[in-house]
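Reading through the structure tokens given below for one structure.
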Amino acid sequence: MLSLYKRRPKATTLNGLLPEGYTVEENVDTLVFIDYLMFMERLTEETQQYAQRHGIQILKKEHLDEVAKLVLQEFRG
1033 MLSLYKRRPK ATTLNGLLPE GYTVEENVDT LVFIDYLMFM ERLTEETQQY
1083 AQRHGIQILK KEHLDEVAKL VLQEFRG
């Protein structure tokens, strides 16, 4: 089966972020990747709505930062 992304580098990166003696279970890297995709999709949707509400044709970093703060608040567990 064709993989959408390489799992080994993601799992290695996650394991490197953990304190010594801890490891990541098998599917945690996949769950993190799916959560990232959901965040990016939500950020894109909110940014489009923001642009329409404010009549913006070209989005700048400031606009994205403002929307990202709101979306990040929704994704905090």
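Numbered per the working numbering, the sequence shown spans residues 1033 to 1109.
All C-beta atoms in this analysis are idealised placements derived from N, C-alpha and C, irrespective of residue type, glycine included.
Stretch-stretch touch, CB-based, cutoff 8 Å, three pairs: the stretch 1101-1109 with the stretch 1073-1080: Yes, they touch.
Simplified DSSP state of Gln1089, which is helix, strand or coil: Note: Gln1089 maps to coil in three-state DSSP.
Closest by C-alpha distance to Val1060, when choosing among Thr1079, Gly1053, Arg1040, Phe1071: Looking only at Thr1079, Gly1053, Arg1040, Phe1071, the smallest Cα-Cα distance to Val1060 is reached by Arg1040.
Residue range of the unbroken alpha helix (DSSP H) whose run includes Pro1041: Here the alpha helix (DSSP H) through Pro1041 covers 1039-1049.
Test item: CB-CB of Ala1083 and Leu1096 under 8 Å: No, Cβ-Cβ distance for Ala1083 and Leu1096 is not below 8 Å.
Cα-Cα separation, Val1056 to Leu1046: Cα to Cα, Val1056 sits roughly 7 Å from Leu1046.
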